[in-house]
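Please read the structure below before turning to the comments.
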Amino acid sequence: MWSDKETDRDFLGYQVHADLLKNVVCNQKNLPITIGLYGDWGSGKSSVLKLIKKSIDEDDRIKDRTIILYFDGWSFESFDDAKMALIQGIVDQLEVKVGKIEKTKSFFKKIKEHIFSMRTLQSIVKNSVLPIGTAAVTGGAIVPTLLSLLISNKEEIKEEVLSTLKDAWEGKSISEKEYAAVREFREDFEKLIEATGKDQIIILIDDLDRCLPRHIIDNLEAIKLFLNVPKTAFIIAADESIVSGAIRNEYNTLVEDGKDGQEKRDIGNAYMEKFIQLPYRLPKLSNKEVETYVSLLLCDSVLSSDIFTPIHNGYKDFVQKNRFDSFALTDAISDIKGVEGLDDLKARITHVLKFSSTISYALKRNPRLIKRFLNAFDIRRELLRINGLNNDNNEFALLKLMLIEQQYNERFKELYNLISSSKNYTEQLLDLEKYATGHKTENEWKNWDNSSLKRLIEEEPRFSRVDLRELFWVSRDSIIDNISGISIISPRIKDMFNKALNAPNRDMIDYASIKALNQEDREDFFALLDNQLSITSDDKKLHSIYHLLIIKDKALYFNKYITILNRIDCRKLPAPLGVSFREILENCNDNEQKAITDLLSKNSKLMATINPK
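Read in order, the letters of the sequence shown correspond to residues 332 to 944 in the numbering used here.
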């Protein structure tokens, strides 16, 4: 088993990215700077941050002249005021690092007072000013929370609080005090950085994209307070699309205020472009990189640290010079003697690498998904062992079966139905394998006409040579469900789907965004849509998404929708859908009209809505 946590052990060749970013932030000519380290969920952003920190900590030339702080943005998710919590956290960590330097002590004291003032002003604005104004008009009393705020404040701060409340009571703006507190904070923070005597302060922000949209904005606003302070560098690791989407969600009124006929401005991307000076996107892994990654994970699980470390170091040296080749790990372990399980390890590497291209595609070249898949495979292998079913054929046929489950889930179900409902399923498996190898067959296997799928079927060990019932028996768990099907779809696509599903009406669905999806993202979108339709076929909103798409681009979406209608019970479709079905039929040719009406003919209420008398 492998931990799902980020690591500073490089199995992905990501040291090159860490070194590049380290060189940028440790060059004083580049400071101040804000870098956006972008990548999908599970792509390895957190590990790159860990590698940057480790690399600086181990570099004798710069480690004593550098302060590096690490923050998990998600750790502030439970705070009502995530913005102030992050600001306080940065200052507190900095104090731990340099608070003993005599020159810094007075500045830390001032900065903490500024933070308190900002908290107080924010609390007054948020919780008290409106009630005070209301009380003045209605003759009511000041809210009790305001009294507790005064009581809890330090004596030396009360005068400022009371003065601020007096201004609010008299209807005066307190924005000037807010601006002054922010300005004074920044001025004293700059002086504090100078007093440390360090060349650069590097602040790593992780997991920003895991926060709720409002807290993403809060964290960005907190970071903005420190931006452009001399000698500082921020590296913010996040899924760019999620952060940009959170900004759009928070400021959607600005997005929607474009004039008719004009292209609406993407406020999310515009905000990020102003905020991030250097965007850096982690590339997708290549097939060869996936091969090496899987091999290293397998070796790490079997070999002791003292044996694996030299191999890992050899890999790191190799990848610095050979970016486009896979590391020959089997050669590296061929000379190892007297290690229990070594032959098993070599066999596992050999078999897994046969399917590396399928693993790459099925798991979207995503390191975290690959690791979770291998963990699931290990648990199922252990189930085989516990039940006395473990042998090489079973184990590697199981790997094939799991890849079919992952990438071709409908075919996985078809296999299960075949072995559970047929006494002569072995003969049918043999027939399927003949089809996969290009031979004439007794049955039609049209659904299996896919080159990657056929390669899985024909690869040894063949399914016909194992008891497939045993493999399905260990596949009954829900472990693989955590990574298969819709769960590996990116949060960005899930968010887009949910917005389409929850649109107030069909015309409010963001067709332009769906149209702009690349092929892979479009497949994910429809995987969500088709899956939901299979479960709740009578959901009017789900059909409305398809209807809009067909009206906009019939050639692209019509046949796909017909396929779905063939799979569900059309008698359950709600009658109000008849109006949009009628709109679709008006733009169809005779064959297309027949394809729809044949499927809907048994739903009399719906047909009556389509063809009102």
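By construction, the Cβ of each residue, glycine as well, lies at the ideal position given by its N, Cα and C atoms. Every value quoted in this text rests on a predicted model; they were computed, and no experiment measured them.
The shortest C-alpha to C-alpha distance from Lys384 to any of Phe520, Leu351, Lys360 is the one to Leu351. Annotated as distal: Val650 and Ile690, with beta-carbon spacing of 8 Å or more.
Residue burial annotation: Arg612 is exposed, with fewer than 16 other C-beta atoms found within 10 angstroms of its C-beta. Out of Ala568, Arg654, Asn644, the CA that lies nearest to the CA of Asp371 is found in Ala568.
Here Ala834 carries a coil assignment [DSSP, helix/strand/coil]. Beta bridge pairing from DSSP links Arg612 with Tyr369. A contact is defined here as three or more CB-CB pairs under 8 Å, and the segment 692 to 701 meets this definition with respect to the segment 733 to 741. For Thr867, there is no enclosing alpha helix (DSSP H), since its DSSP letter is neither H nor E.
A contact between stretches requires three or more CB pairs, one per stretch, nearer than 8 Å, and the segment 707 to 726 meets this requirement with the segment 796 to 808.
Annotation: Leu715 to Ser806 spans about 10 Å, alpha carbon to alpha carbon. The residue among Trp405, Glu581, Val356, Gln759 with its C-alpha nearest the C-alpha of Ser377 is Trp405. Residues Leu730, Lys731, Leu734, Leu787, Glu790 of the same chain have their beta carbon placed closer than 8 Å to that of Phe686, with the five preceding and five following residues left out of the count. The beta carbons of Thr365 and Gln608 sit closer together than 8 Å.
In this chain, the alpha helix (DSSP H) harbouring Tyr602 covers 598 to 606. Shown here, Tyr345 sits in coil according to DSSP, grouped into three states, outside any helix or strand. By the Cβ test, the segment 563 to 578 is in contact with the segment 519 to 532, since at least three Cβ pairs between them sit closer than 8 Å. Partner residues in the beta bridge of Phe565, as assigned by DSSP, are Thr365, Ile534.
As the crow flies, the alpha-carbon of Asn833 is around 18 Å from that of Leu543. Comparing C-alpha distances from Phe803 to each of Arg902, Pro822, Glu745, Ser821 shows the shortest one belongs to Glu745.
Look at Phe686 here: in three-state DSSP terms it is coil, with no helix or strand label.
Within the segment 380 to 434, the complete beta strand (DSSP E) segments of 3 residues or longer fall at 397 to 403, listed in chain order.
Under the three-state reduction of DSSP, Leu848 is assigned to coil, being neither helix nor strand. The alpha helix (DSSP H) runs lying completely inside the segment 691 to 752 and spanning 4 residues or more are 698 to 717, 723 to 738, 740 to 752, given in chain order.
A check of alpha carbon separations from Ser632 across Asn706, Gly576, Ile421 identifies Asn706 as the nearest.
DSSP places Val650 in the uninterrupted alpha helix (DSSP H) bounded by 636 to 652. If one requires a minimum length of 3 residues, no beta strand (DSSP E) run lies completely within the segment 872 to 897. Straight-line spacing of the CA atoms in Asp662 and Leu382 works out to 27 Å. Excluding five sequence positions before and after Gly909, the CB atoms of its chain that fall closer than 7 Å to its own CB belong to Leu937, Thr940, Ile941, given in chain order.
If you compare the alpha carbons of Ile667, Glu914, Val621, Arg654 with that of Phe639, the shortest gap goes to Ile667.
DSSP places His546 in the uninterrupted alpha helix (DSSP H) bounded by 544 to 557.
Residues of the same chain with a CB within less than 8 Å of the CB of Ile524, apart from the 5 flanking positions on each side, are Ile532, Val560, Pro561, Lys562, Thr563 in chain order.
With contacts defined as CB atoms closer than 8 Å, Phe438 and Ala577 fail to qualify as a contacting pair.
DSSP places Arg800 in the uninterrupted alpha helix (DSSP H) bounded by 799 to 804. For Gln759, the enclosing alpha helix (DSSP H) covers residues 756 to 767. Distance from the CA of Leu763 to the CA of Leu539, rounded to the nearest whole angstrom, comes to 48 Å.
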